[in-house]
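Read the structure below first, then the notes.
Protein chains: 2
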Amino acid sequence: MKDFRGWGRAILPAMSESTEEPGPSEPSLDEQIAAYQREFRDLDPQVEQVVSALGRLNRRMNVAYGRQVAALGISNAEWEVLKTLVLAGAPYRLGPGELAKRLGLTPAAMTHRIDRMAGEGLVTRDRDENNRVRVIVELTDEGRTKWLEAMRMASDFEEDLLQDLSGDERGVLGELLVRLLRRVEHAQPDAGGRLTDLD
Amino acid sequence: MKDFRGWGRAILPAMSESTEEPGPSEPSLDEQIAAYQREFRDLDPQVEQVVSALGRLNRRMNVAYGRQVAALGISNAEWEVLKTLVLAGAPYRLGPGELAKRLGLTPAAMTHRIDRMAGEGLVTRDRDENNRVRVIVELTDEGRTKWLEAMRMASDFEEDLLQDLSGDERGVLGELLVRLLRRVEHAQPDAGGRLTDLD
DNA sequence: CCTTCTAAGTTTAGTGCTAAAGTCTTCGAG
DNA sequence: CTCGAAGACTTTAGCACTAAACTTAGAAGG
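These protein sequences, in sequence, are chains A and B.
Quick note, in the working numbering, the first sequence goes up one by one and the last residue is 199.
Quick note, in the working numbering, the second sequence goes up one by one and the last residue is 1199.
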């Protein structure tokens, strides 16, 4: 076999987030929960449903985002950088270290990502004139345009994703997710994996 | 600086899923939504809340899973393989190709992952006697034990995560997530990124 | 000033991944 | 029966990332 036909569009270029697209033979969510229950009696199916659906949903969404931004000629990794710079607000500047922290990368990885993106004209990289140890990464107009295009695609996609949910349901879902998020953000797993409150 | 103290445990060994741990200076969810709205008027804050909370939640959870299974001496990537083999049911066997499809990896990556895991005694790799082109990857007793230990930690963690939600709320959350999941699983984004129904 | 320390980035080595080429077995047609 | 094609991995090349070493600018102390 010359090339892996069948792996075609399933395999995306490297991205910063999970892009695993499960194959078609993956068991359905219900089958999966039933199988785990057979092997592990203590499993709470309600908890497992929430957690597994969250995981699958996110993987599918990341694949979809990757495909969409790829159509704009950027990778998901690059899109993350654009988003972070826009979030910082005008004049859309951050240092490599700060960018690395926010994206959860090492400074080394950031150096290379900025190299690429500067080469593509999405950002500029300059030394800070006031403190020549510091480097300033700034969004170019082209980068800002790319971000806007990607944002438009993403928000259309997200609106479609939630299409089947009523306004009330969207509100409830958002509120429940925010409560879970607070639980993970304001707590750290202890040695046993249990979440211990920090405040 | 000799080593990057401060990047310590935040950076985990490579895993199959997103393990990016956002730094402490990342804006809060509300700040993020407000910032995006300033830059992009068409944004629906309710949709953005759901989607962003989903994304953040998943990233945090993956970091937590990674830390937990690391305590058992396995990586998140290895745990994914163990889960997939257990899901296949006794006698816990699958070929590399099938494993790769279900995990969303290329066969090449699977070859190397199986090498490592066979070296660690978590699985065995043998040629199929009936069809010598095929290879059979089978979970060892040690691999099964590791899976069980990881599963126990994971389900404790998941129970803790949902601790603040009542039974009813868990049910509602699960149901809403399953509906979103169905929407992404039964539809494919078209060229414009819109989801088109397949059935 | 002139060390010494520390912070911010960059460089180097090694890992795990994808894409594509290569190997080996089996199957099917002539 | 033999040859060609297809299937199921494995190997090779190249990329993005982490960990750790290195570089250089500014800060602190004598």
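Glycine is no exception: its CB is placed at the ideal position from the N, C-alpha and C atoms.
* Please state whether DSSP places D156 of chain A in a helix, a strand or coil. => For this step, residue 156 of chain A is matched to residue 156 along the first sequence. D156 of chain A: helix per DSSP, three-state reduction.
* Asked: Where do the N-terminal and C-terminal ends of the alpha helix (DSSP H) with E185 of chain A fall, by residue?
  -> The residue you call residue 185 of chain A lines up with position 185 of the first sequence. Taken as a continuous stretch (DSSP letters only), the alpha helix (DSSP H) holding E185 of chain A covers 167 to 185.
* Asked: Where are the alpha helix (DSSP H) runs, 4 residues long or more, that stay fully inside the segment 28 to 77 of chain A, in chain order?
  -> 29 to 39, 45 to 70
* Interfacial residues, the segment 150 to 175 of chain A to chain B, with Cβ spacing under 9 angstroms -> M151, R152, M153, A154, S155, D156, F157, E158, E159, D160, L161, L162, Q163, D164, L165, G167, E169, R170, G171, V172, L173, G174, E175
* Measuring CB to CB, does L72 of chain A end up less than 8 angstroms from A150 of chain A? -> As a position in the first sequence, residue 72 of chain A is number 72, starting the count at 1. As a position in the first sequence, residue 150 of chain A is number 150, starting the count at 1. Yes. Within cutoff.
* Between L27 of chain A and the rest of its own chain, which residues show a CB-CB distance below 8 angstroms, the 5 nearest in sequence each way excluded? -> Residue mapping note: residue 27 of chain A aligns to position 27 of the first sequence, counting from 1. Contrary to the premise, residue 27 of chain A reads as Pro rather than Leu in this sequence. Around P27 of chain A: A35.
* For R134 of chain A and V123 of chain A, the rounded distance between their alpha carbons -> By 1-based counting over the first sequence, the position of residue 123 of chain A is 123. By 1-based counting over the first sequence, the position of residue 134 of chain A is 134. Roughly 16 angstroms between the two C-alpha positions.
* Going by other Cβ atoms of all chains shown within 10 Å of its Cβ, with 16 needed for buried, is H186 of chain A buried or exposed? -> Position 186 of the first sequence, counted from the start, is the residue given in the question as residue 186 of chain A. Flag for H186 of chain A reads exposed.
* Kindly indicate which three-state DSSP category T1124 of chain B falls into: helix, strand or coil? => Position 124 of the second sequence holds residue 1124 of chain B. Of the three classes helix, strand and coil, the one that applies to T1124 of chain B here is strand, per DSSP.
* **Residues that M61 of chain A contacts on chain B, provided the C-beta gap is smaller than 7 angstroms** => What you label residue 61 of chain A is simply residue 61 of the first sequence in a count that begins at 1. Those within 7 angstroms of M61 of chain A in chain B are V1184.
* Enclosing alpha helix (DSSP H) for L139 of chain A [first to last residue] -> As a first step, residue 139 of chain A is located in the first sequence; it is residue number 139 there, counting from the start. Note, L139 of chain A: premise wrong, no alpha helix (DSSP H); beta strand (DSSP E) at 135 to 139.
* **is_contact[L54 of chain A, chain B] using C-beta, thresh 8 angstroms** => Numbered from 1 along the first sequence, position 54 holds the residue referred to as residue 54 of chain A. Closer than 8 angstroms to some Cβ of chain B, the Cβ of L54 of chain A qualifies, so yes.
* Asked: Out of B:S1155, B:D1160, B:G1174, which has the shortest C-alpha to C-alpha gap to R205 of chain A?
  -> Here chain A has residues from 1 to 199 only, and residue 205 of chain A is not among them.
* Asked: Which chain B residues sit within Cβ distance under 7 angstroms of P96 of chain A?
  -> In the first sequence, residue 96 of chain A corresponds to position 96, counting from 1. Ordered by position in chain B, no residue passes the 7 angstroms Cβ test against P96 of chain A, which lies about 13 angstroms from the chain.
* Contact check, V1137 of chain B vs I1114 of chain B under 8 angstroms by CB: the rounded distance? -> Along the second sequence, one-based indexing puts residue 1137 of chain B at 137. Along the second sequence, one-based indexing puts residue 1114 of chain B at 114. About 6 angstroms; that satisfies the 8 angstroms criterion.
* Pick helix, strand or coil for P22 of chain A, following the three-state DSSP scheme. => Position 22 of the first sequence, counted from the first residue, corresponds to residue 22 of chain A. Because P22 of chain A sits at a pLDDT of 49, beneath the cut-off of 50, its placement in the model cannot be relied upon, and the following sentence gives the value as read from the coordinates. Three-state DSSP puts P22 of chain A in coil, outside helix and strand.
* Asked: So what does DSSP say about R93 of chain A, is it helix, strand or coil?
  -> Sequence index remark: in the first sequence, residue 93 of chain A carries index 93 (1-based). Reduced to three states, the DSSP call for R93 of chain A is strand.
* Are the C-beta of V137 of chain A and some C-beta of chain B separated by less than 8 angstroms? -> By one-based count along the first sequence, residue 137 of chain A stands at place 137. No, V137 of chain A lies away from the interface with chain B (no Cβ there is under 8 angstroms from its Cβ).
* To do: Measure the C-alpha to C-alpha separation of E49 of chain A and L177 of chain A and round it to an integer number of angstroms.
  => Residue 49 of chain A sits at position 49 when you count from the first residue of the first sequence. Residue 177 of chain A sits at position 177 when you count from the first residue of the first sequence. The question names Glu, but residue 49 of chain A is Gln in the sequence shown. Their backbone Cα atoms lie some 14 angstroms apart in a straight line.
* Asked: Does any CB atom of chain B fall closer than 8 angstroms to the CB of N131 of chain A?
  -> Taking the first residue of the first sequence as 1, we reach residue 131 of chain A at position 131. No, no contact with chain B.
* Tell me, please, whether the CB atom of V81 of chain A is closer than 8 angstroms to any CB atom in chain B? => In the first sequence, the residue the question calls residue 81 of chain A occupies position 81. No - not a single Cβ of chain B is within 8 angstroms of the one on V81 of chain A.
* Give a yes or no on whether the minimum CB-CB distance between N1076 of chain B and chain A is below 8 angstroms. => Counting from 1 along the second sequence, the entry for residue 1076 of chain B is found at position 76. Closer than 8 angstroms: no.
* Applying the criterion that 16 or more other CB atoms from any shown protein chain within 10 Å of the CB defines a buried residue, is S1166 of chain B buried or exposed? -> Along the second sequence, one-based indexing puts residue 1166 of chain B at 166. Exposed: under 16 other Cβ atoms inside 10 Å.
* To do: Take Q1032 of chain B and list the residues in its own chain whose beta-carbon comes closer than 7 angstroms to its own, dropping the five residues that flank it on each side.
  => If you number the second sequence from 1, residue 1032 of chain B lands on position 32. Result list for Q1032 of chain B: S1052, in chain order.
* How many Å lie between P91 of chain A and L139 of chain A at the Cα? -> On the first sequence, residue 91 of chain A is found 91 positions in, with the first residue counted as 1. On the first sequence, residue 139 of chain A is found 139 positions in, with the first residue counted as 1. When rounded, the distance between both Cα atoms is 8 angstroms.
* Asked: Is the distance from the Cβ of L1057 of chain B to the Cβ of V1081 of chain B below 8 angstroms?
  -> Translated into the one-based positions of the second sequence, residue 1057 of chain B becomes position 57. Translated into the one-based positions of the second sequence, residue 1081 of chain B becomes position 81. Cβ distance not < 8 angstroms, so L1057 of chain B and V1081 of chain B don't count as in contact.
* To do: Name the two residues that bound the continuous alpha helix (DSSP H) containing R116 of chain A.
  => For this step, residue 116 of chain A is matched to residue 116 along the first sequence. That run of the alpha helix (DSSP H) goes 107 to 119.
* Asked: Rounded to a whole number of angstroms, what is the C-alpha to C-alpha distance between E21 of chain A and R67 of chain A?
  -> Your numbering for residue 21 of chain A matches position 21 in the first sequence. Your numbering for residue 67 of chain A matches position 67 in the first sequence. Interpretation of E21 of chain A is limited by its pLDDT of 46, a score under 50 that renders its predicted location unreliable; the figure taken from the coordinates is listed afterwards. Between E21 of chain A and R67 of chain A, the C-alpha separation is close to 12 angstroms.
* Consider the Cβ of V123 of chain A: report whether some Cβ of chain B lies at a distance smaller than 8 angstroms. => Stepping through the first sequence from its first residue, residue 123 of chain A is reached at position 123. By this cut-off, V123 of chain A is not an interface position.
* V1063 of chain B beta carbon less than 8 angstroms from that of M61 of chain A -> Residue 61 of chain A sits at position 61 when you count from the first residue of the first sequence. Residue 1063 of chain B sits at position 63 when you count from the first residue of the second sequence. Against a cut-off of 8 angstroms, the Cβ pair of V1063 of chain B and M61 of chain A comes out as no contact.
* To do: To the nearest angstrom, report how far apart A1118 of chain B and D128 of chain A are at their CA atoms.
  => Here residue 1118 of chain B refers to the residue found at position 118 when the second sequence is read from its first residue. Here residue 128 of chain A refers to the residue found at position 128 when the first sequence is read from its first residue. Cα-Cα distance, rounded: 51 angstroms.
* Is it true that the CB of E1169 of chain B sits closer than 8 angstroms to the CB of R47 of chain A? -> Position 47 of the first sequence, counting from 1, holds the residue named residue 47 of chain A. Position 169 of the second sequence, counting from 1, holds the residue named residue 1169 of chain B. Correcting the residue identity first, residue 47 of chain A is Val in this sequence and not Arg. Going by C-beta atoms, V47 of chain A is not nearer than 8 angstroms to E1169 of chain B.
* Between H112 of chain A and V1172 of chain B, what straight-line distance do the alpha-carbon atoms span, to the nearest angstrom? -> Translated into the one-based positions of the first sequence, residue 112 of chain A becomes position 112. Translated into the one-based positions of the second sequence, residue 1172 of chain B becomes position 172. When rounded, the distance between both Cα atoms is 44 angstroms.
* To do: With a threshold of 16 other CB atoms inside 10 Å of the CB of R1059 of chain B, please say whether the residue is buried or exposed.
  => As a first step, residue 1059 of chain B is located in the second sequence; it is residue number 59 there, counting from the start. With 16 or more other Cβ atoms within 10 Å, it is buried.
* To do: Indicate whether E1142 of chain B and G1121 of chain B have their beta-carbon atoms separated by less than 8 angstroms.
  => If you number the second sequence from 1, residue 1142 of chain B lands on position 142. If you number the second sequence from 1, residue 1121 of chain B lands on position 121. Yes, these two residues count as a Cβ contact at 8 angstroms.
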